[in-house]
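Note sheet for the following structure.
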Amino acid sequence: MVVYLDNNASTRPLVSVVEAMGPFFRAEYANPSSPHRLGQRVRYEVECAREKVAQLVNAASGEIIFTSGGTESINLAVRGALGAQPVKRHLITSAVEHSSVRRLVERLAREGYRVDEVAVDHEGRLDLAMLEDRITEDTALVSVIHANNETGVLTDARRVCEIAARHGVQVHLDTVQSVGKVPIDVKELPVDLLSLSAHKLHGPKGVGALYVRKRTRLTPVTFGGRQERDLRPGTENVPAIVGFGVAAAEAMHLRPEVIGSIRRLRDAFEARVLAAIPIAHVIGGGAERVCNTSNIGFERLQAEAILILLSERGICASAGAACSSGSLEPSHVLKAMGVNPRIAHGAIRFSLSRFTTADEIDRTIDVLREVIERLSTAVG
Ligand code: PLP
113 MVVYLDNNAS TRPLVSVVEA MGPFFRAEYA NPSSPHRLGQ RVRYEVECAR
163 EKVAQLVNAA SGEIIFTSGG TESINLAVRG ALGAQPVKRH LITSAVEHSS
213 VRRLVERLAR EGYRVDEVAV DHEGRLDLAM LEDRITEDTA LVSVIHANNE
263 TGVLTDARRV CEIAARHGVQ VHLDTVQSVG KVPIDVKELP VDLLSLSAHK
313 LHGPKGVGAL YVRKRTRLTP VTFGGRQERD LRPGTENVPA IVGFGVAAAE
363 AMHLRPEVIG SIRRLRDAFE ARVLAAIPIA HVIGGGAERV CNTSNIGFER
413 LQAEAILILL SERGICASAG AACSSGSLEP SHVLKAMGVN PRIAHGAIRF
463 SLSRFTTADE IDRTIDVLRE VIERLSTAVG
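If you count by my numbering, then the sequence shown holds residues 113 to 492, one letter each, in order.
In structure tokens:
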């Protein structure tokens, strides 16, 4: 039995997604920019997908720009917002961003931008007073993660947007891990830019979207054809966009009961792990979190060793962000939260999905108990 608890890294594409994509590799291969009938049929499907993605966040379809995924959306949002306000040289982000924001702002700092990283508390919640304090006349953008990919901790997006709006500063939210798990409504939330990624919500990899509110100050960062309102040139990845549309529609119709049952399974998992394994600590458990993510630190153990033994027994989880695994350093997220290094070194992220079953959770707990016991004996 293989148990997949790494849904924050990527999710299983829905059967309906895969089926919807098929024809666009076979007969419907025309370029959506071509004026002939085949091209126009494909264009129609791209626009239907755009409508579905827009509905997921209650946007107008004209506010959705398709990209190659979360990373590209983020780069376009941040660089595009800076490019549109060339006199402003200051950017605010948080200490717990995904590497797609983190590495980008490192680069921007080398290019001469001033970057402030707002701290988080012990549970991973953004310090909103510090955010407001850091805003100056020179600030072009506030870019923060909505649901943290390592802990699932949610940022109070409403408060962030209200604070930024008071100072006339644009806001970009990295909603890659929150869209489809918590409702996001751009008619209610005064946000300017949202980054989305299809493969985190049971869609295909290599496709995402940037929501751009009307009148947002944004310039393109790549140049070529006139696609995607001149903001993202290049022939559209039609099969992936169609698949994204189907995944978005499915996420949109996901009943609150499904979200509730993922949450109940996650909460029961944590409670049982804590009861069975005295050296286990839930990280960020005191904050508001998305329904599916559980980050558990095992005192005095190394995450890599735990993961290897779990994987040998068919349990797929991850140590912090998938892309930073392989390093022995605790992740920047856990460091920013001030998690005790004895716990942070042994932190494992378990991320569930709507396909996770109670049997899989039972199996994971049994295996985890055995693995932790074995490693604990080894460290003495
Ligand atoms: N932002 C967050 C919070 C993520 O978790 C990820 C992916 O793990 C990304 C951005 C990047 O998305 P993509 O893999 O689509 O480039």
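Positions of the beta carbon are idealized from the N, C-alpha and C atoms, including for glycine.
Because the structure is a prediction, the values reported are computed rather than measured.
Inset, instruction - Would you check if the distance between the CB atom of ASP304 and the CB atom of VAL288 is smaller than 8 Å? - result: no
Q. Quick one: does the C-beta of THR205 sit closer than 7 Å to a heavy atom of the ligand PLP?
A. no
So within the segment 183-234, which uninterrupted beta strand (DSSP E) runs reach at least 3 residues, ignoring any that extend past its ends? 202-206, 226-230
Between VAL491 and the rest of its own chain, which residues show a CB-CB distance below 8 Å, the 5 nearest in sequence each way excluded?
ARG412, LEU413
Open item on the list: Going by DSSP in three states, ILE460 sits in which element: helix, strand or coil?
Closed with: strand
DSSP state of HIS392 mapped onto helix, strand, coil: According to the sequence provided, residue 392 is Ala. The question's His does not apply to it. In this structure, ALA392 counts as strand in the three-state DSSP scheme.
Original post:
Using the C-alpha atoms, what's the distance from VAL230 back to GLY236?
Top reply: 11 Å
- [ ] Measure the C-alpha to C-alpha separation of ALA434 and PRO147 and round it to an integer number of angstroms.
- [x] Model confidence at ALA434 stands at a pLDDT of 45, short of 50, so the residue's coordinates are unreliable; what they give is reported in the following sentence. Taking the straight line joining both Cα atoms gives about 42 Å.
Q. Does the beta carbon of GLY236 fall short of 7 Å from some heavy atom of the ligand MG?
A. No copy of the ligand MG appears in this structure; the ligands present are the ligand PLP.
Could you tell me the alpha carbon to alpha carbon distance between ARG384 and LEU126, rounded to whole angstroms?
30 Å
Q.
Assuming contact is defined by CB atoms lying nearer than 8 Å, are VAL319 and VAL154 in contact in what I supplied?
A. no
Practice problem: Quick one: using the 10 Å Cβ neighbour count with 16 as the cut-off for buried, is GLU441 buried or exposed? | Solution: exposed
By alpha-carbon positions, which one of ASP268, GLU223, THR347, GLN152 ends up nearest to ILE177?
THR347
Check your understanding: Hey, is SER309 close to the ligand PLP, as in C-beta under 7 Å from one of its heavy atoms?
Key -> yes
Segment contact, 8 Å Cβ cut-off, at least three pairs: the segment 139-146 with the segment 154-173
yes
* Determine the DSSP secondary structure at ARG401, reduced to helix, strand or coil. => strand
| Going by DSSP, what residues sit across from THR248 in a beta bridge? | Note: THR248 sits in no beta bridge, so no partner.
Cβ of ASN261 versus every heavy atom of the ligand PLP: is any distance shorter than 7 Å?
yes
Discussion item. Is ASN353 a contact residue of the ligand PLP, with contact defined as CB to any heavy atom under 7 Å?
Written reply: Here the sequence assigns Ile to residue 353, which means Asn is not the residue at that position. No, the beta carbon of ILE353 sits no closer than 7 Å to any heavy atom of the ligand PLP.
Open item on the list: Let me check understanding here. Comparing Cα to Cα, which of SER185, GLN167, LYS164, VAL483 lies closest to PRO332?
Closed with: SER185
Pick helix, strand or coil for PRO167, following the three-state DSSP scheme.
As written in the sequence, residue 167 is Gln, which differs from the Pro given in the question. In this structure, GLN167 counts as helix in the three-state DSSP scheme.
Checklist entry - Roughly how many angstroms separate the alpha carbons of ASP297 and SER128, rounded to a whole number? => result 25 Å
(message) Quick check: the segment 202-212 against the segment 351-368, are at least 3 beta-carbon pairs closer than 8 Å?
(response) no
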